[in-house]
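The structure appears right after this line, and notes come after that.
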């Protein structure tokens, strides 16, 4: 059975370009980038070339890019580092209710350390209102952290407007751009961000590697202490193979960004339109237009998302009910609850996230298989039976 993978928001397959770039780092170019001999210098050269590549893709300076173990570490470093470095100025942080748990749980932890956090609501499409951000700013506000695009419903936030507000009020602005980098154009100056998080495995790079952009002059404490790596900002021996692979993957993604986005949007919209047309009692979650090119998130009334996923998996189709980081939780998505969905509908949601390796034939197969699975599950649902009785 040919399997169809549509869970690219959780992780992506490593690209041929990234794999080819990484292989020499496991063989002849295996050195420690901190060593001063020629083998170490070769590794350092590969490391710094990767830093320049990633910086160019973000319109940043190379010395503003710091390598991490992934998006979660980058988020933690940005938020905790900014909070403690600026604590004498104030203790207030602004974020939104639909952030990734790497942000939300970090903010919750900071509340236990004496910081105050404002969790802004979003509208029915998952959009943060920039006016709400500005209204929440006080003379104690030291950080605003708002994601670029939501990992579950794909809604793209008005980051540039929020960044402009933060800059006008001289408040540090961090953006979790893990889902956005490699999918939409990202320019740190246009967005007015002071810090930005990214993760390699979201754009066909390897897992376990990411980066944090820190604008020159931003007050941010170090997150890890030890050696002098990453210009004394992030101790531990750099993972050169993964960093090189991440840079190659991002370069390839950005070089083909417009072409890839057009292909993805065509498949995305076919999926959305087909599912909403063929399956009654469904709704699209997230903004119809201001959404990631590859994101489809739909709620199906009267069924459980877990049962839907299992049936899809048996049919050879990989999807998700939300964030991969919460797949073990029985609670409904905090994102779907924040946009106003009741628990029972939030539980019946499906996220399909595409990559440019998906095909129109795969879209056709999903549109063929999924309506039948939903029908089968509804036929087994007492809630659906009750609905039909009440609406005869």
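Numbering (the working numbering), first residue to last: 11 to 402. From the three backbone atoms N, C-alpha and C, an ideal C-beta is built for every residue, glycine too. Values in this document were obtained by computation on a predicted structure and should not be read as measured data.
Boundaries of the alpha helix (DSSP H) harbouring residue 84: 81-95, taken from the DSSP string. Relative to residue 96, the option among 182, 296 and 268 whose CA is nearest is 182. Membership of residue 277 in the alpha helix (DSSP H) is indicated by the continuous run 267-288. Cβ neighbours of residue 388 within its own chain (closer than 7 Å, five residues either side excluded): 312, 313 and 394.
Assignment of beta-bridge partners to residue 261 by DSSP yields no partner. Per the C-alpha coordinates, the member of 11, 187, 249 and 402 positioned closest to residue 56 is 249. Of the other Cβ atoms in all chains shown, 16 or more fall within 10 Å of the Cβ of residue 252; this residue is therefore buried. DSSP places residue 344 inside the alpha helix (DSSP H), whose first and last residues are 344-348.
The Cβ atoms of residue 126 and residue 102 sit closer than 9 Å to each other.
With fewer than 16 neighbouring CB atoms inside 10 Å of its own CB, residue 40 falls in the exposed class. Ranked by how close their Cα comes to the Cα of residue 386, the residues 353, 289, 191 and 352 have 289 in first place. In terms of CA proximity to residue 100, 120 leads the group 267, 106, 120 and 86. Under the three-state reduction of DSSP, residue 126 is assigned to strand. By alpha-carbon distance to residue 360, the top candidate from 297, 153 and 317 is 317. Excluding its 5 nearest sequence neighbours in each direction, residue 128 has C-beta neighbours in its own chain below 8 Å: 102, 103, 104, 105 and 146, listed in chain order.
Proximity to residue 58 across 77, 69 and 48 peaks at 77, based on C-alpha coordinates. The three-state reading of DSSP puts residue 184 in strand, counting E and B together. If the five residues before and after residue 305 are omitted, its C-beta is found closer than 6 Å to the C-beta atoms of 164 and 363, all from its own chain and listed in chain order. Residue 353: member of the alpha helix (DSSP H) spanning 353-356, first to last residue. Going by beta carbons, residue 231 and residue 90 fall inside the 9 Å limit. Residue 81 and residue 204 have their C-alpha atoms spaced approximately 16 Å apart. Ranked by Cα distance from residue 379, the options 208, 392, 87 and 320 are led by 320. Between the segment 171-179 and the segment 137-152, the count of C-beta pairs closer than 8 Å reaches three or more; the two stretches touch. As DSSP reads the structure, residue 78 sits in a beta bridge with 220.
Counting along the chain, residue 393 sits inside the alpha helix (DSSP H) bounded by residues 392-400. Contact between residue 274 and residue 374 fails: their C-beta atoms lie close to 16 Å from each other, not under 8 Å. Counting C-beta atoms within 10 angstroms of its own C-beta, residue 239 has 16 or more neighbours from the protein chains shown and is therefore classed as buried. In the DSSP assignment, the residues bridged to residue 151 are 102. Look at residue 17 here: in three-state DSSP terms it is strand. Counting only runs of 4 or more residues that sit fully inside the segment 199-259, the alpha helix (DSSP H) segments are 239-242, in chain order. Counted as a single uninterrupted DSSP element, the stretch harbouring residue 165 is not any beta strand (DSSP E), since DSSP gives it neither H nor E. For residue 362, the enclosing beta strand (DSSP E) starts and ends at 359-363. With a 10 Å radius around the Cβ and a threshold of 16 neighbouring Cβ atoms, residue 341 comes out exposed.
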